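One structure is given here, and the rest of the page talks about it.
In the numbering used here, the protein residues as written are 11 to 226.
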């Protein structure tokens, strides 16, 4: 095993990890809002269903959820597993998992806004839709960025769980190389890549947080 060959193999795995990361955020970040609103619904049945969804997602391991999402089409619809890409199953499992966590972060952000602001907006002639999108949502986004940033950083490390259904992301490749060549070097190199990846994500989230800190 040459060092350059190892790096090329790890970079190919990193590309898969980045795919999981990006597509998970594309699903989870927007999906968290309707889940949060459903959780805050005044209708007991709607609120109860979303509460149950969040409870199940947060109360079971992500690894188990990945396995369930991958095998569910076969279990319920007898769809051949060969027709259901592992990467798609991974992204869906990650997306629905992180959407539940983002939903609770969004809900906390919305509940932290003083009810007087809603009443003032309504008294000024804004309807509930306008109040939400012009008053509540902008402040919510600003307040939840630090918490969302923490979850995004966690997601970088959680991409390694894709090995559960044999998705060859970076951690899987590092383990294979380490086992084949009886060397810790691939795992150390993978750790460095994860650290750099996380550093870049943390840097981007910090910049975003500063950009929204317009009252500081």
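Note that beta-carbon positions come from the ideal geometry of N, C-alpha and C, so glycine has one too.
Keep in mind it's a predicted model, so treat the numbers as computed, not measured.
In its own chain, which residues sit with a C-beta less than 6 angstroms from the C-beta of residue i, not counting the 5 before and 5 after it?
i: residue 48; result: 56 and 60
i: residue 24; result: 180 and 203
i: residue 182; result: 173
i: residue 91; result: 84
How many Å lie between residue i and residue j at the Cα?
i: residue 139; j: residue 86; result: 39 angstroms
i: residue 210; j: residue 156; result: 15 angstroms
i: residue 74; j: residue 33; result: 20 angstroms
i: residue 66; j: residue 135; result: 40 angstroms
i: residue 39; j: residue 214; result: 16 angstroms
i: residue 94; j: residue 21; result: 25 angstroms
i: residue 41; j: residue 111; result: 11 angstroms
i: residue 108; j: residue 161; result: 8 angstroms
i: residue 142; j: residue 123; result: 11 angstroms
i: residue 102; j: residue 84; result: 16 angstroms
i: residue 137; j: residue 164; result: 38 angstroms
i: residue 127; j: residue 70; result: 37 angstroms
i: residue 58; j: residue 187; result: 47 angstroms
i: residue 220; j: residue 13; result: 39 angstroms
i: residue 173; j: residue 144; result: 43 angstroms
i: residue 68; j: residue 62; result: 10 angstroms
i: residue 146; j: residue 133; result: 15 angstroms
i: residue 35; j: residue 191; result: 35 angstroms
i: residue 152; j: residue 131; result: 19 angstroms
Would you mind reading off the limits of the alpha helix (DSSP H) that contains residue i?
i: residue 15; result: 13-49
i: residue 169; result: It is not in any alpha helix (DSSP H) - residue 169 carries neither H nor E in the DSSP assignment.
i: residue 206; result: 195-222
i: residue 89; result: Run containing residue 89: none; DSSP gives neither H nor E here.
i: residue 191; result: 180-191
i: residue 54; result: 54-69
i: residue 125; result: 125-133
i: residue 109; result: 96-121
i: residue 139; result: 138-141
Nearest CA to the CA of residue i: which residue from the options?
i: residue 216; options: 158, 185, 201 and 200; result: 158
i: residue 79; options: 116, 144, 202 and 175; result: 175
i: residue 46; options: 195, 121, 183 and 169; result: 121
i: residue 16; options: 194, 219 and 218; result: 194
i: residue 106; options: 126, 76 and 119; result: 76
i: residue 119; options: 81, 148 and 184; result: 148
i: residue 19; options: 200, 221 and 220; result: 200
What does a CB cutoff of less than 8 angstroms around residue i pick up in its chain, not counting 5 residues either side in sequence?
i: residue 177; result: 26, 30, 96, 97 and 100
i: residue 197; result: 184, 185 and 188
i: residue 72; result: 103, 104, 107, 168 and 171
Please work out which residues of its chain come closer than 7 angstroms, Cβ to Cβ, to residue i, disregarding the five sequence neighbours upstream and downstream, and give them in chain order.
i: residue 166; result: 31, 204, 207, 208 and 211
i: residue 116; result: 42, 43, 46, 150 and 154
i: residue 89; result: 83
i: residue 113; result: 42, 45, 46, 49 and 64
i: residue 169; result: 27, 30, 31 and 179
i: residue 51; result: 57
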